[in-house]
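Residue numbering for the sequence shown is 242 to 510, as defined by the numbering used here.
Every residue gets a Cβ at the ideal spot worked out from N, C-alpha and C, and that includes glycine.
Because the structure is a prediction, the values reported are computed rather than measured.
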Amino acid sequence: MIEKACAFIRERISDFTPEFCLVLGSGCGTVAEQIDACAEIPYRDIPGFHPSTAPGHSGRLIFGRLAGRRVVCMQGRLHHYEGYSMAEIVFPIRVLRHLGAQFLILTNASGGINVRWQPGDIMAVTDHINFMGDNPLIGPNRSEEGVRFPDMTHAYDRELLTAADSAANALGIELRHGVYLATSGPSFETPAEICAFRTLGADAVGMSTVPEVIQAAHCGFRTLVFSLITNMAAGVLDRPITAEEVGEIGTASAGKLGRLIEKTIEIVR
Ligand code: HPA
């Protein structure tokens, strides 16, 4: 199936080999507008790809140049809470690695557990805690892609983190560093869960990204994750969390996140 998807895509991009793969999360999709596109392919057309049903996820691959570098952008991702299996969620990551991309930059929206932070802040993810209760690598190992027991110590590439810091510095953006904890969702967390997650060392919580990062570690991507804090996590403020506020902060901060991604890509060698 990987070969079939790659063949389908190659027919549309000919000899364009992306260096960077960008995966844009909830409300972060506008970054794609900065790409000088040479091809756009809806997920529904690609063998083995599935449409995203989540709000703010448009569901297409965009190939082109950003900061002069060759990129492919997944505008919209799949989530476990949509009913997709881990295998379905990470299928595009495997395909894009197969196409030759080396660097993976993922974005997501998250709830801030660290009380020193605010909605609108951007966190570079330094590590994660997988509370999804599943793992995309369960099943027979694809030894042509990677090892049975992949190391996760360097799942978040140190050099890419340094590049992100330099980019943030150059742009005057305060870039946070922290640990992302993933749940399956779709319910937001309870205040008691957030207290527990804080004790465990999490700075932000969300419902995505970890499957892709595990897959990326397996198949040899160098990975960087930016998490946009769209709201304070449950119980930090004495009010309910809504998908609307998540979307609003996402829209308001998309420009900042886009500039950060573009500058980071420019710096990375
Ligand atoms: N919890 C989980 N996922 C999220 C949140 C949250 O508070 N905000 C944005 N995505």
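CB of residue i within 9 Å of CB of residue j, strictly
i      : j      : result
Ala404 : Leu498 : no
His369 : Leu422 : yes
Leu416 : Met448 : no
Phe261 : Glu281 : no
Thr471 : Ala408 : no
Ala342 : Pro259 : yes
Val272 : Glu503 : yes
Ile330 : Ala396 : no
Ala475 : Ile482 : yes
Ile414 : Arg500 : yes
Met242 : Pro292 : no
Ala308 : Glu507 : yes
Pro381 : Met473 : no
Whole-Å CB distance - residue i paired with residue j, under 8 Å assumed
i      : j      : result
Val312 : Arg306 : 7 Å
Ile334 : Ala457 : 6 Å
Met315 : Leu265 : 7 Å
Tyr340 : Ile250 : According to the sequence as given, residue 340 is Leu; it is not Tyr. Correct: roughly 6 Å between the Cβ atoms.
Phe438 : Ile354 : 6 Å
Phe344 : Arg463 : 5 Å
Alpha-carbon spacing of residue i relative to residue j, whole angstroms
i      : j      : result
Arg310 : Leu402 : 18 Å
Asp444 : Phe467 : 13 Å
Leu478 : Val420 : 21 Å
Thr450 : Glu244 : 24 Å
Val572 : Ile435 : Here the chain covers residues 242 to 510 and nothing more, so residue 572 does not appear.
Asp398 : Phe372 : 21 Å
Tyr325 : Glu453 : 13 Å
Ala484 : Tyr322 : 14 Å
Val388 : Val366 : 24 Å
Residue i beta carbon near the ligand HPA (any heavy atom closer than 8 Å)
i      : result
Gly352 : yes
Ala474 : yes
Thr471 : yes
Ile330 : no
Gly426 : yes
Val366 : no
Phe429 : yes
Ile487 : It should be pointed out that residue 487 corresponds to Val in this sequence rather than to Ile. It does: the Cβ of Val487 is within 8 Å (strictly closer) of some heavy atom of the ligand HPA.
Subject >> Validate contact between the segment 340-348 and the segment 423-431 using beta carbons, cut 8 Å, 3 pairs >> reply: no
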